[in-house]
Amino acid sequence: MDYSSSKKDKTSLIYRLRKVSVINATLILLLCWIFLFSTSLLFIKRYELRNLDLISTILSSSLTASIVFEDTHDAANKIAQSGARGMFSSAVLKTEKNTLIARWNNGTDNNHENWFRHILRNWVFSSPLEMDIIHSNKIIGHLTLTGSISAVADFIKYSIIILLVGVTVVISASLIVSELLHRSIVDSLRNITQLIHNIIEHRDFSRQIPLIEIKEFNVLSGDINKLLSEIHSLQSSLLSENQLLAAKALKDPLTGIFNRSAFVIHLQKLLDSAADKPFVLLFIDSDRFKSINDNWGHSVGDEVLKTISQRLSQFESDNDIVARIGGDEFSMLMTRLTNDSQVQHLIAQISLSIATPMILDSGIIITTSVTIGYAWSHALDTAKDITERADANMYKIKKAHGDQR
1 MDYSSSKKDK
11 TSLIYRLRKV
21 SVINATLILL
31 LCWIFLFSTS
41 LLFIKRYELR
51 NLDLISTILS
61 SSLTASIVFE
71 DTHDAANKIA
81 QSGARGMFSS
91 AVLKTEKNTL
101 IARWNNGTDN
111 NHENWFRHIL
121 RNWVFSSPLE
131 MDIIHSNKII
141 GHLTLTGSIS
151 AVADFIKYSI
161 IILLVGVTVV
171 ISASLIVSEL
181 LHRSIVDSLR
191 NITQLIHNII
201 EHRDFSRQIP
211 LIEIKEFNVL
221 SGDINKLLSE
231 IHSLQSSLLS
241 ENQLLAAKAL
251 KDPLTGIFNR
261 SAFVIHLQKL
271 LDSAADKPFV
281 LLFIDSDRFK
291 SINDNWGHSV
301 GDEVLKTISQ
311 RLSQFESDND
321 IVARIGGDEF
331 SMLMTRLTND
341 SQVQHLIAQI
351 SLSIATPMIL
361 DSGIIITTSV
371 TIGYAWSHAL
381 DTAKDITERA
391 DANMYKIKKA
401 HGDQR
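UniProt numbering applies: residue 1 is where the sequence shown begins, and numbers increase by one.
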């Protein structure tokens, strides 16, 4: 046996063992990554929210003077300096009377960002943070900050990159470890299968599988050796029994003549050699057989079928065959006939023989008849073709004489 391609063969044991190892290692890595990633993401979200709240508190304090003196230039500078450090993505500063003091954003349009960043922003910062600016216990302005998700997005990106690198490393490592751990298992099983293959190929059942270090395989080898010994001792008797069973399988148990299976086999052999010499197929159907069963019982019907079989067999020569193909239907394959007149003469003889009263073992006298159709073999005929022609010819004759069945 050729094991050179077993590593690539998806049905081989070594391929499946490697696949299990890779799946297990990858699944464990993926589960660990999901756990750590989700935990880290939750902590980062919490950190970003607290950080934005802290930034808004510090920035609102530094902007108090700018609002009091309505210094828009100073307010814009302070907000821009903080925003440039990536502390937030946009900021709006208004007075208590809703007068715009300063506005800043990092140059990105949150309304047109991609779906991933949109979902991420809504998850981390469900809404902008609004902070009241208080001076002398009075609200003098409002600061609205929109958090930046750049850090969170970078974390997700690098986490996925690390995961992909980790999966690659784990798959490579698992393949190497799998090769080392499973080599003895695969080699032991390979030795067993190779020896069994050689035994089957050469029919040498005297060979025995040697002992193997792995306990389970050693037990298997012992059982196989016992089985080989039994096969060796029973081989001769099995061959003779098989020949006997094969012969019985081709016989009709009621009449003792050939059955449908034997008929099909013989018909195919004749068709394969029909180009050298044509033959004729007779399709024979017993008339009024149902009434015989209804009036006299099935045991009498069985005796009638046996008698018909015996009388048909009288017209059988060396290369011919008579078969019961089912129920009260029979077929004959005749190779000695050469023309239609000979066929008609044979049909007349068969009909006369069957019409002779039957004295059954039970003492009952039965008179019956048969309808016979026939078909000659043609070049390129199949078994179905010639059978259908003979069957159609038989039913045409039966219909012409009135259906007597």
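Using N, Cα and C, we set each Cβ at its ideal position, and we do this for glycine too.
Note that this is a predicted model, so its numbers are computed, not measured.
Strictly by DSSP, which residues pair up with residue i?
i           : result
E130        : T144
W376        : V280
residue 480 : Not covered by the structure: residue 480. The range shown for the chain is 1 to 405.
M87         : Per DSSP, none; premise fails for M87.
T371        : D285
H135        : K138
I366        : M358
K10         : In the DSSP output, where bridge partners are listed per residue, K10 has none listed.
K157        : DSSP lists no partner for K157.
Can you tell me where the beta strand (DSSP E) holding residue i begins and where it ends?
i           : result
N105        : 100-105
G326        : 321-326
residue 453 : What is shown of the chain runs 1 to 405, which leaves residue 453 out entirely.
L281        : 280-286
Pick out whichever of the options has its Cα sitting closest to the Cα of residue i.
i           : options                : result
Q314        : W33, S159, I350        : I350
L164        : M358, D340, I34        : I34
S172        : I23, H197, I44, L54    : I23
A91         : T99, R103, L52         : R103
A383        : K396, L175, N51, L270  : L270
N122        : S82, G141, E48         : E48
I28         : S174, D302, T146, K78  : S174
I140        : Q268, K97, I79         : K97
S82         : I325, G147, H401, V152 : G147
L346        : G363, E316, I364       : E316
residue 418 : V304, I397, D318, T335 : No information on residue 418 is available, as it lies outside the stretch 1 to 405 that the chain covers here.
S150        : L120, L143, V167, I176 : L120
I224        : I55, L42, V300, I199   : I199
I257        : H182, D320, I292       : D320
Assuming residue i is part of the alpha helix (DSSP H), what are its boundary residues?
i    : result
D385 : 383-400
K94  : Careful: K94 lies outside any alpha helix (DSSP H), inside the beta strand (DSSP E) at 90-95.
L333 : Unbroken run through L333 is the beta strand (DSSP E), 329-334; no alpha helix (DSSP H).
F263 : 260-272
S317 : That residue, S317, is in no alpha helix (DSSP H); it is neither H nor E in DSSP.
T64  : 64-68
L120 : 115-124
query: Touching or not, the segment 132-145 and the segment 62-70, by the rule of three or more beta carbon pairs under 8 angstroms?
result: yes
- request: Decide yes or no for the touch test of the segment 357-377 against the segment 268-285: beta carbon pairs closer than 8 angstroms, at least 3 of them.
  value: yes
task: May I ask you to verify whether the segment 338-347 touches the segment 246-260, counting CB pairs closer than 8 angstroms and requiring at least 3?
output: With the cut-off at 8 angstroms, the segment 338-347 and the segment 246-260 do not touch.
message: Quick check on the DSSP output: what are the complete beta strand (DSSP E) runs of length 3 or more inside the UniProt domain "HAMP" (183-236), in order along the chain?
response: The qualifying runs do not exist here; there are none.
task: Could you say if the segment 305-322 and the segment 350-360 meet the contact criterion of at least three C-beta pairs nearer than 8 angstroms?
output: yes
task: Evaluate the contact criterion for the segment 11-18 versus the segment 184-198: three or more CB pairs, one atom per stretch, below 8 angstroms.
output: Touching, per the Cβ criterion.
- prompt: Is it true that the segment 237-244 meets the segment 201-215, where meeting means three or more beta-carbon pairs spaced less than 8 angstroms apart?
  reply: no
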